[in-house]
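S.K.: For reference, the structure I am asking about is given below.
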Amino acid sequence: MDNGTFDSKGYLDMELLRFTTAGSVDDGKSTLIGRLLYDSKSIFEDQLEAIEQSSIQRGDENVNLALLTDGLKAEREQGITIDVAYRYFATPKRKFIIADTPGHIQYTRNMVTGASTANLALILVDARNGIVEQTHRHAFIASLLQIPHIVICINKMDLVDYSKERYDEIKEQFSEFAGKLDVKDVRFLPISALKGDNVVERSKTMDWYEGPTLMYLLETIHIASDQNHIDCRFPVQWVIRPQSDEYHDYRGYAGRIAGGIFKPGDDIMALPSGFTSKIKAIDTFTGPVDEAFAPMSVTITLEDNIDISRGDMIVRENNIPKQGQDLDLMVCWMNEKPLMHKGKYYLQHTSKDVRCVVKEVKYKVDINTLHRIEDDKNIGLNEIGRISIRTTAPLFYDTYRRNRNTGSVILIDEATNNTVGAGMII
Amino acid sequence: MNYNLNHLSEIEAESIFVIREVAAQFERPVLMFSGGKDSIVMLHLARKAFWPAKLPFPLLHVDTGHNFQETIDFRDELVEKIGANLIVGSVQESIDQGRVVEEKGINASRNVLQTVTLLDTLEAHKFDAAMGGARRDEEKARAKERFFSHRDEFGQWDPKNQRPELWNIFNGKKQMGEHFRVFPISNWTEMDIWQYILQENIDIPNLYFSHTRECFERDGIILANSDFIPLKPEEKTEQMVVRFRTIGDMTCTGATRSTANNLEDIIQEVASSRITERGGRADDKRAETAMEDRKKEGYF
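Chains A and B are the protein sequences, given in the same order. Residue 26 in the working numbering sits at position 26 of the first sequence; the count goes up by one each step and never skips. Residue 254 in the working numbering sits at position 254 of the second sequence; the count goes up by one each step and never skips.
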């Protein structure tokens, strides 16, 4: 996009990478995001002008790039980020959505929110301080939410003389901790967001580092296998019945594929009924398709007229999900009102709506040390624990580890209708 | 076989999913249609979501009475073509009924007044979810919006106390009298919208393409000359070759000088532009948090 004409063909071919950034006030996160946006030409003149104005008004010494993401009045007044802010940029290779989440302890729920849809977590570490409690927390949340890729950016290398020893030391510190986590892919990068080392341009002062720059990594990291393409799962969202002359007997099941690859002719089973049929066609507005996979939104028609409605799931006969009313969850609590023992909540899972009761709190996790706390079972705001629940009707699910789409639930307060818990099925 | 969607297909699938969720979770949803490119794309996605059936909800246009005639004509033709049901909420009627008072002065706009008409219309028709074509990349307050944005019985947005929104699970539960705003194209950028219009061959109003129009400049913004804006004595109109990057009220939508008269040229222009599309919106320039303030009151 630098010069010459814009390549529309190339634009359409790009993949989408969603990543989350976690870090605290002083670790240079805003500077890093500002640099990614600025160097990819995603900050516009009027935006820059507006934050320059505000920075002067506030008496900030430099242009405060945090003002780009901190849009709410209260955030600007208090100089903190309250909520997840979404930022967009594109390079000629990929489009990116950043879920920028605040790092302080009371905002674990925002970090979890941002992490829930991310392919990659970017965790910033201040090279002077090394791995701190907060890094543990960020890494734990990334692993709990099963973000497929974690990138540890060791920032402010300019303030430790670009020392390879310091970098290695921090890397080792983290690896020791990461041994306790369930993470598949961890990368390390020595950077200076302020000076630009290894962000978009290769560092001239760290010739000992032979890996990619951050931008190169973001542009090329393999994300095609982040979705589950093995277990066929199609939660029915809506039944399409045009009742028009042209489509008199049309009955299509609309939904978004949550896993696996569906093809016309496939033998399927509908849950909970257990009725079987074959896929007649997979329809879209622009015509039928030969196959459909996660996360496509399609409409499936079947050879036989069987009773299927919202909340049901279409699966392959030879690979059915777990079914049941008794589940164990890791739950992250998101509300000031703590989790109620024996309490009842609404529960949403794929397109299904049920109620549940909390049977037992098994333990709470100390998110800094990962220790199980078994003598304090009160799960309050921003806390994480393992619970057992029973639902009013059976769910068709996979473990969260196997499939994020069919392994996640939210808990809703019956009095306020607020989303209070994020649950991952074990 | 590569089982990975390109980014436009992925956000298209996401938007269709959200629109279907709205139809399934709410009793009386409505799709807000302004005749601008974002709501045109949203409508296109809604048609895809329910094909071959018709839309299971009506369209709502809040007409300030200060729209470009081209927008209104375009709206009526499209509605006719797809056989949709259109409801028009009129700001003029709200003024006539004394629900709102017209702003006075040289920069008077009905943009703020729309909120009252919108809330009144939603209430009159008992709509419990209104889908809007707002995007998070447009404006800093919108960057913090949810897909499902809960509103209390006064239609207010409480940005500090939003419901967490996780994975693709949307919580549309509400008390009597409350409603939701839903933003299915939250994750689209201006460039995505244009590329999609090109890819899908979607019709848009002529205002988006270069044309000659009688305009004048005020505070660095080019405005179309119309009966709705009184000119200051020193302001002179002239014929200019312009197009519009966004379409809103004639009183606050700025034009840009441009010769781009086809989608490919517009895309080149958007790609090389150094100013956001809302840079031409006088309504956002009223205060640093103008958008947040309006949204808290119930603006979409």
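Just so it is clear, CB atoms sit at the ideal spot from N, CA and C, and this is done for glycine as well.
List, in order along the chain, the chain A residues whose C-beta lies closer than 7 Å to that of B:Arg163?
M.R.: Asn418, Thr419, listed in chain order.
S.K.: Between A:Thr101 and A:Val84, how many whole angstroms is the CB-CB distance? I'm expecting something under 8 Å.
M.R.: Their Cβ separation, rounded to whole angstroms, is 5 Å, which keeps A:Thr101 and A:Val84 in contact under 8 Å.
S.K.: Per DSSP, what are the beta-bridge partners of B:His179 in this structure?
M.R.: Note: B:His179 sits in a beta bridge opposite B:Arg151.
S.K.: Taking A:Ser40 as the reference, which of A:Thr20, A:Phe89, A:Ser30 has the closest Cα?
M.R.: Among A:Thr20, A:Phe89, A:Ser30, the Cα nearest to that of A:Ser40 is on A:Phe89.
S.K.: Pairs of beta-carbons, one from the segment 366–378 of chain A and one from the segment 126–142 of chain A, closer than 8 Å: are there three or more?
M.R.: Judged by Cβ distances under 8 Å, the segment 366–378 of chain A makes contact with the segment 126–142 of chain A, as three or more pairs qualify.
S.K.: Alpha carbon to alpha carbon, how far is A:Gly254 from A:Met296?
M.R.: The sequence given here has Ala at residue 254 of chain A, not Gly. Straight-line Cα distance between these residues: approximately 11 Å.
S.K.: Let's see if you can read the secondary structure: which residues bound the beta strand (DSSP E) around B:Ala129?
M.R.: Looking at the DSSP string, the run of the beta strand (DSSP E) that includes B:Ala129 is 129–131.
S.K.: Among A:Ala270, A:Val132, A:Leu16, which has the Cα closest to the Cα of A:Asn319?
M.R.: Of A:Ala270, A:Val132, A:Leu16, the residue nearest in Cα terms is A:Ala270.
S.K.: Quick check on B:Asn187: buried or exposed, where buried means 16 or more other Cβ atoms within 10 Å of its Cβ?
M.R.: Under this definition B:Asn187 is a buried residue.
S.K.: Within 10 angstroms of the Cβ of A:Gln428, are there 16 or more other Cβ atoms? Answer buried if so, exposed if not.
M.R.: Past the edges of chain A, shown from 1 to 426, lies residue 428 of chain A, and the structure says nothing about it.
S.K.: Between B:His7 and A:Leu16, which are expected to be in contact by the criterion C-beta below 8 Å, what is the C-beta distance as a whole number of angstroms?
M.R.: Confirmed, Cβ separation roughly 4 Å.
S.K.: For A:Lys278, which three-state DSSP category applies?
M.R.: Strand, per DSSP.
S.K.: If you follow the beta strand (DSSP E) that A:Leu37 is in, where does it begin and where does it stop?
M.R.: From DSSP, A:Leu37 is part of no beta strand (DSSP E) but of the alpha helix (DSSP H) over 29–39.
S.K.: Tell me whether B:Asp120 is buried or exposed, calling it buried when 16 or more other Cβ atoms sit within 10 Å of its Cβ.
M.R.: Its Cβ being crowded by 16 or more others within 10 Å, B:Asp120 is buried.
S.K.: At the level of alpha carbons, what is the spacing between B:Ser34 and B:Ala260?
M.R.: Distance between the alpha carbons of B:Ser34 and B:Ala260: 23 Å.
S.K.: State the beta-bridge partners of B:Glu238 as determined by DSSP.
M.R.: Answer by DSSP bridge pairing, in chain order: B:Cys215.
S.K.: My guess is that B:Pro164 and A:Arg256 are in contact by the Cβ rule of under 8 Å, so how many angstroms apart are they, rounded?
M.R.: In fact, because the Cβ distance is near 21 Å, the residues do not count as touching under 8 Å.
S.K.: Cα separation between B:Trp341 and A:Asn198?
M.R.: Only positions 1 to 300 of chain B appear in the structure, and residue 341 of chain B is not among them; the question remains open.
S.K.: Can you tell me whether DSSP reads A:Trp333 as helix, strand or coil?
M.R.: Three-state result, A:Trp333: strand.
S.K.: For chain B, find out if any of its Cβ atoms is closer than 8 Å to the Cβ of A:Met1; answer yes or no.
M.R.: Low per-residue confidence applies at A:Met1: pLDDT is 38, beneath 50, and the placement is therefore not dependable enough to give any value.
S.K.: Given a cut-off of 8 Å, decide if A:Tyr397 and A:Lys322 are closer than it, judged by their beta-carbon atoms.
M.R.: Contact: yes.
S.K.: Taking C-beta pairs closer than 7 Å, name the residues in chain B that A:Ala224 reaches, listed in chain order.
M.R.: Those are Asn2, Tyr3, Asn4, listed as they occur along chain B.
S.K.: In chain order, what residues of the same chain lie with their CB nearer than 8 Å to the CB of A:Pro288, ignoring the 5 residues before and after it?
M.R.: Here the set comprises Pro264, Ala281, Ile282.
S.K.: In chain order, what are the residue ranges of uninterrupted alpha helix (DSSP H) at least 4 long that sit wholly in the segment 18–88 of chain B?
M.R.: Listed in chain order, they are 37–50, 69–82.
S.K.: Quick check: the Cα distance between A:Gly274 and B:Phe68, rounded to an integer number of angstroms?
M.R.: One C-alpha to the other measures close to 56 Å.
S.K.: Which bits of chain A does B:Arg47 rub up against, with CB to CB less than 8 Å?
M.R.: Correct list: Phe285.
S.K.: At 7 Å on the CB atoms, spell out the chain B contacts of A:Ala443, in chain order.
M.R.: There is no way to answer for residue 443 of chain A, as the model of chain A reaches only from 1 to 426.
S.K.: Short check: CB of A:Arg390 to CB of A:Cys356, under 8 Å?
M.R.: Against a cut-off of 8 Å, the Cβ pair of A:Cys356 and A:Arg390 comes out as a contact.
S.K.: Please go through the same chain and pick out, in chain order, the residues whose beta-carbon is closer than 6 Å to the beta-carbon of B:Val182, but skip the five residues on each side of it.
M.R.: Contacts found: Val22, Ala129, Met131, Phe148.
S.K.: Less than 8 Å between the CB atoms is what I'm expecting for A:Glu383 and A:Lys364, so what's the real figure, rounded?
M.R.: Contact holds; Cβ gap of about 6 Å.
S.K.: Starting from the C-beta of A:Gly28, find all residues in its chain whose C-beta is less than 8 Å away, skip the five residues before and the five after it, and write them out in chain order.
M.R.: So the qualifying residues of the chain are Leu124, Asp126, Asn155, Lys156, Ala193, Leu194.
S.K.: So, is A:Gln237 buried or exposed, given that buried needs 16 or more other C-beta atoms within 10 angstroms?
M.R.: Result: buried.
S.K.: Using a beta-carbon distance cut-off of less than 8 Å, what residues from the segment 323–347 of chain A approach chain C?
M.R.: No chain C is present in this structure, whose protein chains are A and B.
S.K.: Run down chain A in chain order and give the residues with a C-beta less than 9 Å from the C-beta of B:Leu223.
M.R.: Neighbours of B:Leu223 on chain A: none; closest Cβ ~17 Å, over 9 Å.
S.K.: For a quick check, are the C-beta atoms of A:Leu122 and A:Phe19 less than 8 Å apart?
M.R.: Closer than 8 Å, so yes.
S.K.: Is it buried or exposed for B:Val101, if we count other Cβ within 10 angstroms and need 16 for buried?
M.R.: That one is exposed.
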